[in-house]
Amino acid sequence: MLIVLAVAPWIGSTGVTWRNVVAGVSPDREIFVVARLPRTLFAALVGGALAMAGVLFQALLRNSLADPFTLGVSAGSSFGAVVAIWLGLETVIWGIPFISIAAFIGAFFTILLVFFIARTGDALPAFTLLLAGITLNFVFGALIMFIHYAANFSQGYLMTRWTMGAVDTADMQTVARSAPFVIACFFGLLWLSPQLNPLTAGEEWAASRGVYVRRIKHLVY
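Numbering (the working numbering), first residue to last: 1 to 221.
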């Protein structure tokens, strides 16, 4: 990862040299500092956040296939963003595009919905949780396709571009707003790792090792 972060900003259609960047020579400095470096850092943050989410889901469900995609979280996030684009809610709140806020809301309520569908009394069976997530993934996928069909051309273009993913609009402000949350989650994951690791061997074994399984599952999810 560190090698990629060090090399990626120097690769592009226009060549730049480190001497010109350090000396502040235009356009090398603008290409490196304004365009490439923020996009590289933001892509690393997003990738790290997805990796942490995948690790948490895999530990929780004891399934190496579990990730935000199979559990419907990504589909719910895309559904929220697509609805916002369809309704023309492209405003900015506190410097954050409302489409991004809608995507977060969609992901959050998808997690809650999967949680309540899969919950059986006080238990939260991993197999049921996975099935609920996969089911919602297909449901949201169908809804996204319907909205895409009903939208006009410009909205359809924005929807496709958003769901495909892009970092071309990222700047240092975006990186600065996102980094604290990702870093906080990283250290939180490190703090919880002694209790998450035993879960991969089974809930009964984890409970015998002193892990409060129910509490840790609710906290992580």
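All residues carry an ideal CB built from backbone N, CA and C; glycine is no exception.
Just to confirm my understanding: we take residue i, look at its own chain, exclude 5 residues before and 5 after, and list those with CB closer than 8 Å. What are they?
i	result
A213	Residue identity differs from the one stated: residue 213 is Val in this sequence, not Ala. Here the set comprises L199, E203, A206, A207.
Could you give the DSSP three-state label for residue i: helix, strand or coil?
i	result
I96	strand
T135	helix
T91	coil
T14	coil
T169	coil
T128	helix
T120	strand
Have a look at residue i and residue j and give me their C-alpha separation to the nearest angstrom.
i	j	result
A53	V182	11 Å
S178	V4	20 Å
S77	G156	17 Å
L143	L158	16 Å
N137	A107	11 Å
V16	P27	8 Å
A59	Q173	33 Å
L112	F69	15 Å
F116	A151	31 Å
When the Cα of residue i is compared with those of the options, which residue comes out closest?
i	options	result
V226	A75, I31, L37, A151	The shown model of the chain, from 1 to 221, leaves out residue 226, and the question about it has no answer.
T169	V220, F32, T17, F42	F42
Y149	V82, I134, E30	V82
A6	S13, A23, F69, A44	A44
G188	F69, L56, I99	L56
I11	T40, G24, R19, V25	T40
Near residue i, what residues of its chain come up, given a Cβ to Cβ distance below 7 Å and the 5 sequence neighbours on each side ignored?
i	result
L2	none
F32	P9, V16, V21
Among the residues of its own chain, which have a CB less than 6 Å from the CB of residue i, if the five just before and after it don't count?
i	result
I216	Q195
Pull up the CB-CB distance for residue i and residue j, whole angstroms please, since I reckon it's below 8 Å.
i	j	result
A102	G80	4 Å
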